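Numbering (mature numbering (1 follows the signal peptide of the UniProt record, and there is no 0)), first residue to last: -21 to -1, 1 to 415.
As structure tokens, then:
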């Protein structure tokens, strides 16, 4: 199974919500309803009555963990600012010729989304300088020898591009010869196959809202053995448009899994922001878990939540069980179903008259369960503020619970990569978090 970028970016300032929702396996069908461009909340119309027996309203205390200082080595700065889409955590990624120890034909690509619910680096072709791109070897199909391509399906469209090999440098960490996805590569001589063309094409930075996506979730690759054993439509293709199987070593790969050290996971740490929103936000992306003094999980008391290879675990909310629950920095709001909170009829944004508090019970292994509190503010009011970072935005969606970037503010959120062990989390895949 694969879950490509669960990026559901609600563009408050632009008056639309760009939804790049998660892909599932089994033919690439979306695991979430495919949203279309939706307007920002007007605050004028609600689509559900709020009854007197709604969920008790107890406001959660804001999380208060402070990010690790950014320095050399295994840390890098994460920023949220006025990119046109709120709550987008961005980093700069250095790519170089494969096998050069990140020293030849290099370029630093800014404004790449940190996405903890996808796996692998995806960059739009227009963001890569020609001199660097020309130094990136193209991956080829093992049977035909033709250039390899990939189709990445999202809730609002599809990304079609080539597969190339690059050295990827994140801070002082280097991943050698990483297969990356180059979106919108005009070198491909065939259009995306018909089964891939679901929704609109996502081929540029304007389409995506960034220069690329850095997928650093719990899986080492974006498809794994399923795509190695069989040719699966809506995944990998040759430049003739034929679906093909691909060895795991040639699949789009989470670069963290290829680091020489600090390769067992990541921690995303975002500083808390004002409940009314902040113009900017900062945080730290830390590589490795229990490998250095600045990435300790063991002894923190953090709840450990075992996940599948997509990063999903189970939660209970308002008496309903959600097996698709996940912590996703690539989602700009909290997505969950609650008919007791007033919401905007057109956009789905929650617009309570005053901020409301809710709780969800997460199924873990240590402890067996944990109660997580969160708050939901008025999306229309927050939209009007002109801020870019929000800790309490929510949108109604069914069948899943997506803890997007609002959850991350004031927390250290750990992602243990599948098959890699840490002293505090055991063998991945798992997620964990601390709130103070």
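The C-beta atom is built at its ideal place from N, Cα and C for all residues, glycine as well.
From a predicted model like this one, the values you see are computed outputs, not experimental measurements.
Reduced DSSP category for residue i - H, G, I as helix; E, B as strand; rest coil
i, result
"residue 449", "Only positions -21 to 415 of the chain appear in the structure, and residue 449 is not among them; the question remains open."
"residue 400", "strand"
"residue 408", "coil"
"residue 85", "coil"
"residue 40", "coil"
"residue 179", "strand"
"residue 234", "helix"
"residue 360", "helix"
"residue 385", "helix"
"residue 98", "strand"
"residue 138", "strand"
"residue 90", "strand"
"residue 128", "strand"
"residue 170", "coil"
"residue 118", "coil"
"residue 318", "coil"
"residue 109", "helix"
"residue 348", "strand"
"residue 416", "This structure cannot speak to residue 416, because the chain is shown only from -21 to 415."
"residue 284", "strand"
"residue 337", "strand"
"residue 104", "helix"
"residue 206", "helix"
Span separating the alpha-carbon of residue i from that of residue j
i, j, result
"residue 442", "residue 260", "With the chain covering -21 to 415 only, the question about residue 442 has no answer from this structure."
"residue 384", "residue 221", "37 Å"
"residue 122", "residue 225", "10 Å"
"residue 181", "residue 278", "43 Å"
"residue 129", "residue 171", "9 Å"
"residue 417", "residue 276", "Any answer about residue 417 is impossible in this case: the structure gives the chain only from -21 up to 415."
"residue 348", "residue 295", "10 Å"
"residue 283", "residue 379", "20 Å"
"residue 353", "residue 336", "6 Å"
"residue 244", "residue 309", "17 Å"
"residue 83", "residue 110", "10 Å"
"residue 314", "residue 356", "13 Å"
"residue 5", "residue 408", "Confidence at residue 5 is low in this model, with a pLDDT of 28, below 50, so its placement is unreliable and no value can be given for it."
"residue 10", "residue 155", "Low confidence applies here, because residue 10 scores a pLDDT of 31, under 50, leaving its location unreliable; read the following figure in that light. If you take the alpha carbons of residue 10 and residue 155, they lie about 32 Å apart."
"residue 184", "residue 413", "33 Å"
"residue 285", "residue 306", "12 Å"
"residue 254", "residue 206", "44 Å"
"residue 281", "residue 168", "50 Å"
"residue 331", "residue 64", "22 Å"
"residue 359", "residue 324", "12 Å"
"residue 265", "residue 70", "12 Å"
Proximity below 9 Å, CB of residue i to CB of residue j
i, j, result
"residue 177", "residue 136", "yes"
"residue 215", "residue 142", "yes"
"residue 263", "residue 89", "no"
"residue 77", "residue 146", "yes"
"residue 376", "residue 298", "no"
"residue 292", "residue 311", "no"
"residue 451", "residue 387", "The structure shown does not extend to residue 451, since the chain spans only -21 to 415, so no value can be given for it."
"residue 431", "residue 251", "This structure does not reach residue 431, given that the chain is present from -21 up to 415, and the question cannot be answered."
"residue 102", "residue 203", "no"
"residue 213", "residue 132", "yes"
"residue 138", "residue 391", "no"
"residue 242", "residue 196", "no"
"residue 218", "residue 127", "yes"
"residue 72", "residue 149", "yes"
"residue 162", "residue 187", "yes"
"residue 238", "residue 118", "no"
"residue 416", "residue 116", "This structure cannot settle anything about residue 416, because the visible part of the chain is limited to -21 through 415."
Cβ-based burial, residue i [other Cβ within 10 Å; buried from 16]
i, result
"residue 389", "buried"
"residue 397", "buried"
"residue 199", "buried"
"residue 40", "exposed"
"residue 346", "exposed"
"residue 208", "exposed"
"residue 235", "buried"
"residue 48", "exposed"
"residue 415", "exposed"
"residue 333", "exposed"
"residue 193", "buried"
"residue 426", "This structure cannot settle anything about residue 426, because the visible part of the chain is limited to -21 through 415."
"residue 61", "exposed"
"residue 179", "exposed"
"residue 289", "buried"
"residue 87", "exposed"
Residue i: CB within 8 Å of a non-hydrogen atom of the ligand SAH
i, result
"residue 173", "In the structure on display, the ligand SAH does not appear, and there are no ligands present to speak of."
Exercise. May I ask you to verify whether the segment 333 to 344 touches the segment 94 to 109, counting CB pairs closer than 8 Å and requiring at least 3?
Key: Contact fails: fewer than three Cβ-Cβ distances are below 8 Å.
Quiz item: For the 8 Å Cβ check, are there 3 or more pairs between the segment 263 to 273 and the segment 399 to 413?
Solution: Segments in contact, yes.
Exercise. Would you check if the segment 244 to 259 and the segment 359 to 373 touch, i.e. whether three or more CB-CB distances between them fall below 8 Å?
Key: By the criterion of at least three beta-carbon pairs nearer than 8 Å, the segment 359 to 373 is in contact with the segment 244 to 259.
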